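Here the structure comes first, spelled out in structure tokens, and everything after it is commentary.
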Amino acid sequence: MFTGIIEEKGEVVAIERTGGGALLSVRGPLVTSDARHGDSIAVNGVCLTVVTAERDVFTVDVIRESLDRSSLGTLTEGSAVNLERSVRADQRLGGHIVQGHVDGTATLLSREPGESWDDVRFSLPRPLARYVAEKGSIAIDGISLTVTTVDDESFGVSLIPTTLKLTTLGDRQVGDVVNIEVDVIAKYVERLVARQ
């Protein structure tokens with residue numbers, strides 16, 4: 001489990017295609033500092049398992065499902081990525097419950113810079129629209145954000161200076177594709193109610 005509070009921006013240093021998947025090597029000195037084989041690190045919001053961790057680079061296997069459902073398949077050497085280690089039981093939950101199980105992708109539709117923040121709007125895949133609520137939580141490329149507006153086809157968020165500076169969303173442009181994970185609680189509530 002993750003919180004959606006990004007610990008650092010990393011950099012993809014190598015991608016090795018393996019059958020239907022890939023072996024991804026990522027530079028991230030902070031998240032690699034205590035990483036061991038089997039640990040979970042979210043890369044742009046996708047929970048991945050550490051294969052190796054040496055110096056400031058860790059490697060992860062990315063299966064076909066993750067490549068198909070997320071934007072990880074579009075990464076190239078040199079791509080910046082958001083990184084977060086899994087949360088420990090004794091840590092504060094600063095964002096919201098993020099599983100690292102990406103529900104799909106969205107496209108950045110518009111960006112309106114403000115004095116201190118940017119208002120951005122993303123497409124919303126129709127099957128996920130029912131899980132997104134104004135003032136609810138959503139994870140975009142692993143970043144815990146509050147939904148400011150929503151309709152059946154798009155949603156908006158505001159990006160504070162810290163988010164703009166310390167995550168990849170500061171550099172995203174109109175047309176860029178991002179990973180989204182909707183609130184897991186909404187999905188469970190829907191399933192429970194449907195069984196009644």
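For the sequence shown, position 34 matches number 34 in full-length UniProt numbering, and the numbering has no gaps at all. Note that CB positions come from ideal geometry on N, CA and C, so glycine has one too. Quick caveat, the model's predicted, so the values are computed rather than measured.
Legend entry - Meets three-Cβ-pair contact criterion under 8 Å: the stretch 63 to 72 and the stretch 112 to 132: Two segments are said to touch when three or more pairs of C-beta atoms, one from each, lie closer than 8 Å; by this definition the stretch 63 to 72 does not touch the stretch 112 to 132.
Measure the CB-CB distance between Ala53 and Ala42 and report whether it falls below 8 Å. No.
Quiz prompt | Exposure of Ser33, with buried meaning 16 or more beta-carbon neighbours within 10 Å | solution = Counting Cβ neighbours within 10 Å, Ser33 comes out exposed, since fewer than 16 surround it.
- request: May I ask you to list the residues that DSSP assigns as paired with Arg27?
  value: Residue pairing by DSSP puts Arg27 in a beta bridge opposite Glu11 and Val57.
Using a Cβ-Cβ cutoff of less than 8 Å, which residues in the same chain neighbour Thr18 once the five nearest sequence positions on both sides are dropped? Closer than 8 Å at Cβ, skipping near neighbours: Asp61.
- Between Arg64, Gly175, Ala22 and Ile138, which lies nearest to Gly45 when the distance is taken from Cα to Cα? The residue among Arg64, Gly175, Ala22 and Ile138 with its C-alpha nearest the C-alpha of Gly45 is Ile138.
Discussion item. For residue 206, count the other beta carbons within 10 Å of its own beta carbon; 16 or more makes it buried, fewer makes it exposed. Which is it?
Written reply: With the chain covering only 1 through 196, there is no way to say anything about residue 206.
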